[in-house]
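Protein chains in written order, with this note's numbering: chain U, 191 to 484; chain Z, 68 to 357.
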């Protein structure tokens, strides 16, 4: 059979290729049609089922009350600006802290060994503590020791910061710094040993090899997982509300929700978080795809 | 306690929604709810009233009866805010002090459904719609005020007016009337810090994370007496939407309207305010902040 096809006369080949292409097109079209029809039927059916169910008005009034939404949204939006600012500052700290810790853990300099131990201890401890616990511990614990008195009646730790937003940001930075350092370390370790050898062979020092050859490649490689941690951090900024940070979006939504006996303000806050995290997730998808096709 | 306040706020919020925009409607609503006691006091004499024991008034409260609502664990001495209110109501209805009998009624069973072995009960019982399904409430004789509590060492411990507190950082608990009260009455220059629960509010006060906290007055007594002795109640102020306490009566009691009428009378004549001043504001050393 394949022999016969192989020895078939020349003109038959383009014909068969065109046939196959036509068949493929038809199949794609058919599949698209089925996908669209199925989507309309299933999602449309679900929508009809939802909207006509007896519970729908109750559900709508509790979560999507337009009047409550209009009333609370400007306040929540204003509060969300604090979330964004905290996120941006903490993110910068996290990137620097994470890279520093990762480098300390990967370089082999005997004099830096104690720092290496500290770096290992830091990642182990802070990656293993629930972020909410850490926020609470630092947010309430630091002010407690700041007013604590020694035997002589002095306050030796009075210099510590007690601003809740600073303490909350610090807790988030410590927690996420530990995660991100591990991401960086994985990136650095994934660069083949030969890269370093080659860099040394052309006359770079160990430090130059790290600075100009290994870290740039590692950072590029861990872009997507880093972005993933950004998304998680953006959401976790809401945790600082528990230590009394004023004007945070989730807290503002909670206050409005409790005042109106309606959950619409919380939905409004959720929408704002999604507004940031969904585009970030799409960006992440695109980035991953580009890497795969490269 | 916060939960009760929430349930209590619900009808207020609904009423506000229904009342809509017209502020005129609001005032007419208020007057109509106040005049729930449609009975004239003339119809409320000891002879006409169907009390538990004819000619006598049986009043209940929990044991122990504690300050500032009662003094010396003895409701019969007429001392303490609620004891004084009870005797004033009795007097208004025409009962002599000697005709007033006291019985013990535990707080938790007071608002349970069923027959009552008292004519009315005064025990810091908040009027809530849920309880009102099972029992009757008189017109409120007290609206819980908000108290400002600060460390004695704080600059704000000496505040004598609400305006003095404008620059304070103030801590409150989420979901309580205190938050609204702070925003409405003090309007501090920095937004109040809102905590998840009362323990966090107490910690924040203790650790100087905030200059002052605002809680309802009964909570402030406990806070300054037990939890943070180094704190002091700076003062108290009236805020919209405060918890209201009423005398509790059995469901559909024939006395409800008369007790309400007596309380309304005491309130209108200013006698109630005087009792509150004597037994709550002065006894607890919490001056009223304006």
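Glycine included, each C-beta is placed from N, C-alpha and C at the ideal position.
This one's a predicted model, so the numbers in the text were calculated from it and none came from an experiment.
**Message:** Buried or exposed, going by whether 16 or more other CB atoms sit within 10 Å of the CB of residue 210 of chain U?
**Reply:** In this structure residue 210 of chain U is exposed. Its beta-carbon is surrounded by fewer than 16 other beta-carbon atoms within 10 angstroms.
**Request:** Can you tell me the Cβ-Cβ gap for residue 240 of chain Z and residue 265 of chain Z, rounded? I've got them flagged as a contact below 8 Å.
**Result:** Contact between residue 240 of chain Z and residue 265 of chain Z holds: CB atoms are separated by about 5 Å, below the 8 Å threshold.
**Request:** Please determine if the region 382-401 of chain U and the region 354-368 of chain U are in contact, where contact requires at least 3 C-beta pairs separated by less than 8 Å.
**Result:** The answer is no - the region 354-368 of chain U does not touch the region 382-401 of chain U, with fewer than three Cβ pairs under 8 Å.
**Asked** With C-beta atoms as the reference, is residue 164 of chain Z less than 9 Å away from residue 158 of chain Z?
**Response** The Cβ atoms of residue 164 of chain Z and residue 158 of chain Z sit closer than 9 Å to each other.
**residue 444 of chain U: contacting residues in chain Z (beta-carbon distance under 7 Å)** = Within chain Z, the residues near residue 444 of chain U are 241.
**Assigned secondary structure, residue 353 of chain Z (DSSP; H/G/I helix, E/B strand, else coil)** = Residue state for residue 353 of chain Z is assigned as coil, using DSSP reduced to three classes.
**Request:** Classify residue 289 of chain Z as buried or exposed, calling it buried when 16 or more other Cβ atoms lie within 10 Å of its own Cβ.
**Result:** Flag for residue 289 of chain Z reads exposed.
**Prompt:** Which residues, in order along the region 342-368 of chain U, keep a beta-carbon less than 8 Å from a beta-carbon of chain Z?
**Reply:** Legend: CB atoms of the region 342-368 of chain U lying less than 8 Å from CB atoms of chain Z belong to residues 352, 354.
**Asked** Taking contact to mean at least 3 C-beta pairs separated by less than 8 Å, is the region 327-338 of chain Z in contact with the region 216-231 of chain Z?
**Response** By the Cβ criterion, the region 327-338 of chain Z is not in contact with the region 216-231 of chain Z, since fewer than three pairs of Cβ atoms, one from each stretch, lie closer than 8 Å.
**Prompt:** Mind checking if residue 282 of chain Z is an interface residue toward chain U, Cβ cutoff 9 Å exclusive?
**Reply:** Not one beta carbon of chain U lies nearer than 9 Å to the beta carbon of residue 282 of chain Z.
**Request:** Compute the Euclidean distance between the alpha carbons of residue 234 of chain Z and residue 276 of chain U, then round it to the nearest angstrom.
**Result:** Between residue 234 of chain Z and residue 276 of chain U, the C-alpha separation is close to 25 Å.
**Message:** I want to see whether chain A comes within less than 9 Å of residue 196 of chain Z, judged by CB atoms only; does it?
**Reply:** The chain inventory of the structure shown lacks chain A, comprising the protein chains U and Z.
**Prompt:** Which whole runs of the beta strand (DSSP E) in the region 240-320 of chain Z are 3 residues long or more, in chain order?
**Reply:** As far as the region 240-320 of chain Z is concerned, its whole beta strand (DSSP E) runs of at least 3 residues are 260-262, 279-283, 298-304, 311-317.
**Item:** Residues of its chain near residue 218 of chain U, where Cβ-Cβ distance is below 8 Å and the 5 sequence neighbours each way are ignored
**Value:** Within the same chain, residue 218 of chain U has no close Cβ partners at all.
**Message:** Contact criterion: CB-CB distance below 9 Å. Does residue 204 of chain Z meet it with respect to chain U?
**Reply:** By this cut-off, residue 204 of chain Z is not an interface position.
**Asked** With distances taken between CB atoms, is the gap from residue 317 of chain U to residue 369 of chain U smaller than 9 Å?
**Response** Using a Cβ distance threshold of 9 Å, residue 317 of chain U and residue 369 of chain U count as a contacting pair.
**Reduced DSSP category for residue 205 of chain Z - H, G, I as helix; E, B as strand; rest coil** = Shown here, residue 205 of chain Z sits in a strand according to DSSP, grouped into three states.
**Within-9 Å CB hit, residue 483 of chain U to chain Z** = False, the Cβ-Cβ gap to chain Z never drops below 9 Å.
**Request:** Check distances from the C-beta atoms of the region 444-459 of chain U to those of chain Z and list, in chain order, the residues that come in under 8 Å.
**Result:** If the cut-off is 8 Å between Cβ atoms, the region 444-459 of chain U has 444, 445, 448, 449, 450, 451 near chain Z.
**Item:** At least three beta-carbon pairs within less than 8 Å, the region 139-152 of chain Z to the region 297-310 of chain Z
**Value:** Contact between the region 139-152 of chain Z and the region 297-310 of chain Z is absent: fewer than 3 CB-CB pairs across the two stretches fall below 8 Å.
**Prompt:** What's the gap between the Cα of residue 432 of chain U and the Cα of residue 253 of chain Z?
**Reply:** The alpha-carbon of residue 432 of chain U is positioned some 23 Å away from that of residue 253 of chain Z.
**Request:** Below 6 Å CB to CB, which residues in the same chain sit around residue 129 of chain Z once its five sequence neighbours on both sides are set aside?
**Result:** Same-chain partners within the cutoff: 173, 174, 190.
**Item:** Positions along the region 316-345 of chain U whose CB lies within less than 7 Å of some CB in chain Z
**Value:** From the region 316-345 of chain U, only 330, 333, 334, 337 have a Cβ closer than 7 Å to chain Z.
**Request:** Mind checking the region 215-248 of chain Z against chain U and listing, in chain order, the residues whose C-beta falls within less than 8 Å of any C-beta there?
**Result:** Result list: 238, 241, 242, 246, 247.
**Request:** Classify residue 91 of chain Z as helix, strand or coil using the three-state DSSP reduction.
**Result:** With a pLDDT of only 40 at residue 91 of chain Z, under 50, the local geometry of the prediction cannot be trusted, and the value read off the model is given with reservation. If DSSP states are grouped into helix, strand and coil, residue 91 of chain Z belongs with the helices.
**Item:** Separation of residue 232 of chain Z from residue 226 of chain Z, as counted between CA atoms
**Value:** Residue 226 of chain Z and residue 232 of chain Z: Cα-Cα distance of roughly 7 Å.
**Asked** In its own chain, which residues sit with a C-beta less than 6 Å from the C-beta of residue 205 of chain Z, not counting the 5 before and 5 after it?
**Response** If we look at residue 205 of chain Z and ignore the five residues flanking it on each side, its Cβ neighbours are 313, 314, 326, 327, 330.
**Request:** In the DSSP assignment, find the unbroken beta strand (DSSP E) run with residue 215 of chain Z in it and report its ends.
**Result:** Per DSSP, residue 215 of chain Z belongs to the beta strand (DSSP E) from 213-218.
**Item:** Cut-off 8 Å between Cβ atoms - residues of its own chain near residue 402 of chain U, not counting five sequence neighbours on either side
**Value:** Same-chain partners within the cutoff: 389, 394.
**Closer than 9 Å to chain U by CB, residue 319 of chain Z** = It does not: the Cβ of residue 319 of chain Z has no partner Cβ on chain U nearer than 9 Å.
**Asked** Between which two residues does the alpha helix (DSSP H) harbouring residue 362 of chain U extend?
**Response** Run containing residue 362 of chain U: 354-380, per the alpha helix (DSSP H) assignment.
**Asked** So what's residue 488 of chain U in DSSP terms, helix, strand or just coil?
**Response** Since the first residue of chain U shown is 191 and the last is 484, residue 488 of chain U is not available in this structure.
**Asked** Of all Cβ atoms in chain U, is any one closer than 9 Å to the Cβ of residue 270 of chain Z?
**Response** True, the Cβ-Cβ gap to chain U drops below 9 Å.
**Prompt:** Does the beta-carbon distance from residue 291 of chain U to residue 380 of chain U come in below 9 Å?
**Reply:** No, these two residues do not count as a Cβ contact at 9 Å.
**Prompt:** Could you give the residue range of the alpha helix (DSSP H) that holds residue 168 of chain Z?
**Reply:** Annotation: residue 168 of chain Z is outside any alpha helix (DSSP H); the continuous beta strand (DSSP E) that includes it extends over 167-171.
**Request:** Could you confirm whether any beta carbon from chain Z is found closer than 9 Å to the beta carbon of residue 436 of chain U?
**Result:** Cβ-Cβ to chain Z under 9 Å: yes for residue 436 of chain U.
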